[in-house]
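Chains as they are written, first to last, in our numbering: chain R, 1 to 320; chain F, 1001 to 1479.
Worksheet for the structure shown next.
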Amino acid sequence: MLARTADNLFWLARQMERADFTARMIEATLRLEYLPRSGVEDPAIEWEGTLNAVGAYDAYIEGREHIDEASAIDFLTFDRGNPSSICNCLENARANGRAVRTALTVETWTAINDAWLELKRFEAKRRPGKDLDREALTRFLDYVKKASLDFDGSCYRTMLRNDAYWFNRLGVFVERADNTARLLDVKYHLLLPSNEAVGGSLDYFQWVAILRAVSAATAYHWVYRDRVKPWLIADLLILKPAMPRSLIACYVGIDSSLDSLAREDGRSGLAQRKARTTLAALERAGMDDIFQSGLHEFITDFIEDNARLADTISEQYLFV
Amino acid sequence: MAAGGAFDEMGIGAGEARPVYRHIARWLEETPADILASRRAQAEYMFRRIGITFGVYGDKDAAERLIPFDIVPRVISRAEWSFLEKGLVQRVTALNLFLKDVYGPRAVLKEKIVPDELILRNPCYRPEMIGRRPPHDLWVLIAGIDIVRVGEREFYVLEDNARTPSGVSYMLENREVTMRLMPDLFARHRVAPVDDYPDQLLACLRSATPRPGAEATIVLLTPGAFNSAYYEHSFLADKLGIELVEGRDLFVDQDVVYMRTTLGPKRVDVIYRRVDDEFLDPLAFSPESMLGVPGLLGAYLAGNVTLANAIGTGVADDKAIYSYVPDLVRFYLGEEPILQNVPTYRCREPDALKFVLERLDQLVVKEVNGSGGYGMLVGPHATVAQRELFAGKLKADPANYIAQPTLALSTCPASFESGVSPRHVDLRPFVLTGADGIRIVPGGLTRVALTQGSLVVNSSQGGGTKDTWVVDDEPGGES
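Structure (structure tokens):
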């Protein structure tokens, strides 16, 4: 396959995944805001965390004095000046898809193109300089989540299991691992065991918000059959292979996608070795060790490792 | 009523429908307006969803515009098609022989069939190709020959496209959409299929490989996603199952072309290029071109790669050369041309220039190198000021122009909100020439001038397209 095609497929999947995560983060933050005022410290702090979690804080704060809900939402959704705003993600995803039309099935292309056409309709309806009202925003966020479901589903259902598919999967899992890790990075202080509070903690809503951001609020109860406890949230999002957005599940996906590529190509390289090392470390780890040696350090290291793996994939498969 | 006395292919205004159109005529008559409207809406929806778009130069807002599709099929009888087909084979054969000759022995110049300067000073004549022979002597592998009809038995070639003709994806998609939207109407006819075009094209390209015997690697070279015909490039690459590459995906090493893959360099044998000559190789042609592949010309001249079409074919589809094509058919094949040219005045000839200047209000004037309907004057529809502007251009550079009478192009019924109404059409069949012979898929792309009375069918000028049916003549009787 053309190296440029592999690159485009990888990024196409990352953009779609990122749009979905950003939409979920906005929803979760809004829910926190709906709580009685005493429930959240300061809305600006919540939005700062959200901007950080989607890696948009630096871009946001450049040229702005303070953080408020309306401008944070606008920045994350429709702002063309934010390289990872939802509209830029969908726009870039389609540009990447268009550049590799031949590597996509009709269904996958249609999912991307439909998402883009719908984006154009949302943009057209938006009065210039005005924000979406809450109802329209809810519809918009639902549409974004559905768009990435359609994309993911069409890939899964229709693509040949060949290199195009594996590069697509790699994009999904590398981005997803990054997103979950960033969310943990922003919220880690809430998840430390010292935060254990007896019933009715105000942090409870924060914990649930974290679960919602990765669509795990229901899954949590199925896995633990227990009330929401912060260290179990960390366990779920880091070490539970059954949880699709956990770091370990992402690395199971990365590892097997890279293996499939290696089998198809008849050669294996640094990317395969790095992925296997990370996966093995996650498999060996227990939450106690992670807390003991520092949750924050663990997550920061993971984010860096994950980024290095993305670079290694690029180098090995000649994207660069 | 037929537009301006033009020949209507269905027979609108002639009392009764021509036999090949009788099912269509009945269908148009019997189908309620709201059903037709919903078919039009469905068709538009389908095209938009598939993402079939066409960029228009000079129109920033419409970076991706849909080419309008008219749902009423255009019908050509098998007998009419057989006649056209013979003519097309003859014409394209002559064009290939002409190219072999002008870059080789130049017999056509020595015999004074075509004036020297028309070739040697032609901006599309590529000195790099002098004395060169592309693999299998194939110059024009893919030709699009534009044909217009003016009467029951009168067809003219309007233009030869021997560089990178486009539109074939619309031919294929139009058929898909028609079959899905109007299955009943379709079933009442015996329509010759067109969906084997990609296979035919692949076979044609494969036959042209410079390394017969070895498995040929074929790629489609596109200028990129911002090119107006990008949709078609990706569509064809997909149907052919070949890589869609940009210049940066290819490189040349020791006069061999490779593409960059995830597994390292892979040798390329045949390039179906949709990039113009002057952008192919920045080392040889436009140095500022970002679209090309440095060293490609060297690899080509070394005989290590086939380009489809060859470099330098533009000299054969120039509008000034066009007027000599019937002579070329006689010269190379010793046959009378089956397909006629539109009478053409070569403004480079002083008498013709005088004649043209006196009749600017009746003639169509075209730049010899123009395409896409740009840089032309349709005399009868132009304002006095536009005609004066063109007269100035003609006097300043007469050799750059030809003129033709305004033809009453045939019309076909088209469906609009306001009802069914005739519109002018032309036809672009695609002629594939391989080392193993010539292939033509029956029919081609029908382009239609959707503005009432307009004669300009180019998609860049608001033209649309229709599905084109070559139907077997039924031995009488209703089905």
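Just so you know, even glycine gets a beta-carbon here, dropped at the ideal spot from N, CA and C.
Look at residue i and residue j and say whether their C-beta atoms are less than 8 Å apart.
i         : j         : result
Thr22/R   : Trp47/R   : no
Ile1071/F : Leu1181/F : yes
Leu279/R  : Leu191/R  : no
Leu9/R    : Gly171/R  : yes
Asp1318/F : Asn1369/F : yes
Thr1480/F : Ile1147/F : In this structure chain F extends from 1001 to 1479, so residue 1480/F is not present and cannot be described.
Val1456/F : Gln1200/F : no
Leu258/R  : Phe302/R  : no
Val100/R  : Thr158/R  : no
Ala1316/F : Leu1095/F : yes
Leu309/R  : Ala262/R  : no
Tyr1401/F : Glu1367/F : yes
Val1270/F : Ala1216/F : yes
Pro1265/F : Tyr1272/F : no
Arg1091/F : Val1329/F : yes
Leu90/R   : Ala136/R  : no
Leu184/R  : Leu237/R  : yes
Trp207/R  : Asn96/R   : no
Pro1073/F : Lys1395/F : no
Arg1348/F : Ser1323/F : no
Pro43/R   : Glu65/R   : no
For chain R, is any of its Cβ atoms less than 8 Å away from the one on residue i?
i         : result
Thr1306/F : no
Arg1260/F : yes
Leu1263/F : yes
Ser1169/F : no
Glu1176/F : no
Arg1049/F : yes
Lys1060/F : Only weak support is given to the placement of Lys1060/F: the predicted model assigns it a pLDDT of 42, under 50, and the value that follows is read from those uncertain coordinates. Taking Cβ atoms only, chain R never reaches closer than 8 Å to Lys1060/F, which makes this a no.
Asp1253/F : no
Asp1137/F : no
Asp1199/F : no
Ala1195/F : For clarity, residue 1195/F is Asp in the given sequence; the question names Ala instead. No, Asp1195/F does not count as interfacial toward chain R.
Asp1249/F : yes
Quick check on residue i - is its C-beta less than 8 Å from some C-beta in chain F?
i        : result
Tyr317/R : yes
Leu76/R  : no
Asp265/R : yes
Met1/R   : yes
Ala324/R : Nothing about residue 324/R can be reported from this structure: the residues present for chain R run from 1 to 320 only.
Arg4/R   : yes
Ile254/R : no
Arg14/R  : no
Leu9/R   : no
Ala99/R  : yes
Thr277/R : no
Thr138/R : no
Thr102/R : yes
If you follow the beta strand (DSSP E) that residue i is in, where does it begin and where does it stop?
i         : result
Ser1077/F : Phe1069 to Ser1077
Val252/R  : Unbroken run through Val252/R is the alpha helix (DSSP H), Leu247 to Asp265; no beta strand (DSSP E).
Ala1308/F : Thr1306 to Ala1308
Glu1243/F : Glu1243 to Val1245
Asp1281/F : Looking at the DSSP string, Asp1281/F is not in any beta strand (DSSP E), and its letter there is neither H nor E.
Pro1265/F : Gly1264 to Arg1267
Tyr1258/F : Val1256 to Thr1261
Would you give the residue range spanned by the alpha helix (DSSP H) that residue i belongs to?
i         : result
Glu1358/F : Pro1350 to Glu1358
Asn1298/F : First, the amino acid is wrong: residue 1298/F is Gly here, not Asn. Where Gly1298/F is concerned, the enclosing alpha helix (DSSP H) stretches over Leu1296 to Leu1301.
Gly5/R    : According to the sequence as given, residue 5/R is Thr; it is not Gly. Note, Thr5/R: alpha helix (DSSP H), Ala3 to Tyr34.
Met1376/F : Where Met1376/F is concerned, there is no enclosing alpha helix (DSSP H), although the beta strand (DSSP E) it sits in stretches over Met1376 to Val1378.
Arg139/R  : Arg134 to Thr158
Arg308/R  : Leu295 to Gln316
Phe205/R  : Asp203 to Ala213
Problem set entry | Residues within the stretch 203–228 of chain R neighbouring chain F, beta-carbon criterion of under 9 Å | none
Exercise. Where in the stretch 56–112 of chain R do unbroken runs of the alpha helix (DSSP H), each at least 4 residues long, occur, reported from the N-terminal end onward?
Worked result: 57–61, 69–77 and 86–99
Exercise. What are the complete beta strand (DSSP E) segments, minimum 3 residues, inside the stretch 1111–1177 of chain F?
Worked result: 1142–1149 and 1155–1161
Problem set entry | Short-range partners of chain F found in the stretch 108–119 of chain R, where Cβ spacing is below 8 Å | Trp109, Thr110, Asn113, Asp114 and Leu117
Problem set entry | Any alpha helix (DSSP H) of 4 or more consecutive residues that is wholly inside the stretch 1386–1446 of chain F | none
For this session: Closer than 7 Å, Cβ to Cβ, to anything on chain R: give me those residues from the stretch 1217–1231 of chain F, in chain order.
Result: Ala1225
For this session: Output, in sequence order along the chain, the residues in the stretch 1232–1245 of chain F whose CB is closer than 7 Å to any CB in chain R.
Result: Ser1234, Ala1237, Asp1238, Glu1243, Leu1244 and Val1245
Exercise. Going along the chain, which unbroken runs of the alpha helix (DSSP H) with 4 or more residues stay wholly within the stretch 1188–1240 of chain F?
Worked result: 1197–1207 and 1230–1240
For this session: Quick one: which residues of the stretch 1264–1295 of chain F get their C-beta closer than 7 Å to a C-beta of chain R? List them in chain order.
Result: none
For this session: Compile a chain-ordered list of the residues in the stretch 152–165 of chain R whose CB is closer than 9 Å to at least one CB of chain F.
Result: Asp163
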